[in-house]
Structure formats: structure tokens, C-alpha cells
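Participant: Counting in our numbering, the sequence shown runs from -14 upward without gaps.
The following block contains the structure, expressed as C-alpha cells.
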Amino acid sequence: MLIKTLIAGFGGQGVLSMGLNLAEAAMLEGKHVTYLPAYGAEVRGGTANCTVAISDEEIASPVASSPEFVVAMNQPSAVKFQHHIQSGGVFFLNSSLVAVEIMRGDIEIVRVPANKIAEDLGSPRAANMVMLGAFTKKSGLVELPDVLAALKRILSAKKKLVDINEKALQTGYNLF
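Below is the structure:
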């Protein structure tokens, strides 16, 4: 199995962190992983995306020309990447920021009000973790305990952020 996921949004939304967390969780499960971040020169407020490939075997290329999963955290990313996802794939949309209608009948669309949920939790910056939780549950690529363990490892230098991010992950996971 080789599954590729593209995660996209504005710089500062935590899309690269989502991808890194997903990649780390897959590594904890003993899977082969590639993580390929891409972002504009302006970073915050500009565009950012990353590709995470997860496989049971070695991975030849980290590039995802037609990924099985796409996560769009903002409208420009939804518009740009809606045609990249392969037929039969799953398109995760942050419905708090994406209003565009997706005109493809050959993919599953999962709408997650990530920003609204994060605001309700008291931490608007945790929208990425809400989405990652929902993605974890719906995709089945990795297990939630491994995503939580990866989160703790990634945030080991910022321990005060662990609790709210854990809560956001769990909340997103429990949506489905």
C-alpha cells in the first residue's frame, strides 16, 4: 500500500505541522514515510502545502501528482487542489473557511468546521489539530494514540501547548 496525502492552506495555519504530525505517527507505527513541505517566500499569510506518503514498502518518490487524500484548510487551496485528487479519493475541507462548491462527483467530500470548533475550544490556532483528528478517524491511515504520541514528541519543547492540541485532536476525531 502506498497512500499519498496533500495538506494545503495559508502559511501560519499549521498545515506543515499537520503533515509532520501525520508522518511522525506513521513512523511510530513502523511504516515507510516521506514528508515534502512546500511554501511561498512570504510564509505567514502566503500559501503552504505538504505531501505525506505512507507505505508498507520503500517509497520511490514523495511527489503526489494525484493523491488519495487532500486536506484544504482555506478556499484558495480548495480551488487549486480539487482537481489533483484521484477519482475515489477523499477531499477534506475546512468548512469554516471554504465556501466554494466542489463540482466533482467521483470523490468523497468531508466538511469539517475546524476553525469554529477550535474557537469553541478556546484556541483558534488549534484548527489544524481539529482537522487532523477528523482526518485520522476518516482516513484510517494511522491510529489516534500514535498521532497523540507524535504530537507530544513534536511539542516536547512547548509543553503548555500539548493539552489544548490533544483536546482539539480528540474533538476532531470524535466528529465521526
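Backbone N, C-alpha and C fix where the C-beta goes; we use that ideal spot for every residue, glycine too.
Tell me R96's beta-bridge partners as DSSP assigns them.
Facilitator: In the sequence shown, counting from the first residue as 1, residue 96 sits at position 111. Answer is L78.
Participant: Determine which residues share a DSSP beta bridge with T(-10) and list them.
Facilitator: Against the sequence shown, residue -10 aligns to sequence position 5. V37, F54, per the DSSP bridge assignment.
Participant: Should L154 and L146 be called a contact, given that it needs their Cβ atoms to be closer than 8 Å?
Facilitator: For the purposes of this step, residue 154 is identified with residue 169 of the sequence shown, where counting begins at 1. For the purposes of this step, residue 146 is identified with residue 161 of the sequence shown, where counting begins at 1. No, Cβ-Cβ distance for L154 and L146 is not below 8 Å.
Participant: Quick one: using the 10 Å Cβ neighbour count with 16 as the cut-off for buried, is D131 buried or exposed?
Facilitator: Start at 1 with the first residue of the sequence shown, and residue 131 comes out as number 146. Counting Cβ neighbours within 10 Å, D131 comes out buried, since at least 16 surround it.
Participant: For V0, which of helix, strand or coil comes out of DSSP?
Facilitator: In the sequence shown, residue 0 corresponds to position 15, counting from 1. Three-state result, V0: helix.
Participant: Check whether the Cβ atoms of I102 and L78 sit closer than 8 Å, and answer yes or no.
Facilitator: The residue given as residue 102 occupies position 117 in the sequence shown. The residue given as residue 78 occupies position 93 in the sequence shown. It is not a contact, given that the beta carbons lie outside the stated cut-off.
Participant: Within its chain, find whatever has a CB closer than 6 Å to the CB of T(-10); leave out the 5 residues flanking it on each side and keep chain order.
Facilitator: Numbered from 1 along the sequence shown, position 5 holds the residue referred to as residue -10. If we look at T(-10) and ignore the five residues flanking it on each side, its Cβ neighbours are V37, P52, F54.
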